[in-house]
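Before any comments, here is the structure.
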Amino acid sequence: REAAALSRDVRDLRRRLEGAGRGAQADGDDAAAAAAADEEEREVLRWELREAAARLRAAEAGCAEVARDLEASRRWTWFESGHETRDVLASGERRAHMEARYGC
Numbered sequence: 054r055e056a057a058a059l060s061r062d063v064r065d066l067r068r069r070l071e072g073a074g075r076g077a078q079a080d081g082d083d084a085a086a087a088a089a090a091d092e093e094e095r096e097v098l099r100w101e102l103r104e105a106a107a108r109l110r111a112a113e114a115g116c117a118e119v120a121r122d123l124e125a126s127r128r129w130t131w132f133e134s135g136h137e138t139r140d141v142l143a144s145g146e147r148r149a150h151m152e153a154r155y156g157c
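Pasting the structure below:
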């Protein structure tokens, strides 16, 4: 959910950055002040976009790592269920250990 929210934030910031500075046109000193304000707004949006994109990349990397961990766990469980359980008694003791202890 967090990755989806970050993805929406990145899209929204990109839209806002594209639309920044398209306000009403002014004359003279007002135009210079408006241009400076627009540039400042764009710079803030660029910074927010970089931060949101970095958080999104981190979230996506975390999701990928969780997916790899789950797959590794699934494979290990499958491997153990096919091999390990034949050598383990109901009490959880390995047959080889029991045979070594009792000399069977």
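With our numbering applied, the sequence shown has no gaps in its numbers, which climb one by one up to 157 at the end. C-beta atoms are modelled at their ideal positions from N, C-alpha and C, and glycine is treated no differently.
Query                                                                                                                                             : Result
Checking 8 Å against the spacing of the C-beta atoms, do Leu98 and Leu70 come in under that value?                                                : yes
Please report how far the alpha carbon of Ala105 lies from the alpha carbon of Ala89, in whole angstroms.                                         : 24 Å
Of the residues Ala57, Asp83, Glu118, Arg64, which one's Cα is nearest the Cα of Arg103?                                                          : Arg64
Given a threshold of 16 other Cβ atoms within 10 Å of its Cβ, counted over all protein chains shown, does Leu123 qualify as buried or as exposed? : exposed
Measuring only the C-alpha atoms, how far is Arg54 from Glu93?                                                                                    : 32 Å
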